[in-house]
């Protein structure tokens with residue numbers, strides 16, 4: 002899990018790259034869940050929250066600039 006402090010130190014471009022990476026991970030986890038391969042379903046929740054954190058930081062940065 003990525004810490005918010007670490008995310009705040011990233012630039013907007015880095016955040017958008019991280020967002021794309023997390024969305025791909027989220028998609029892969031959803032596919033694994035639907036096929037019954039995912040053992041730890043709590044990972045889905047944590048990835049979803051990381052996506053939300055990143056989206057929030059991107060919105061804050063765009064609003065302030």
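In the working numbering, the protein residues as written are 2 to 66.
Yeah, the Cβ is synthetic: ideal placement off N, Cα and C, and Gly gets one too.
Straight across, the Cα-Cα distance linking residue 27 with residue 49 is about 7 Å.
Between residue 16 and residue 58 a beta carbon distance of about 6 Å is seen, short of the 8 Å cut, so the two are scored as contacting. In the same chain as residue 51, and ignoring 5 residues on each side of it, the C-beta atoms closer than 7 Å to its own belong to 2, 3 and 23, in chain order. Spanning the alpha carbons of residue 13 and residue 19 requires a straight line of approximately 10 Å. With a contact defined as Cβ atoms closer than 8 Å, residue 21 and residue 30 miss out at about 15 Å.
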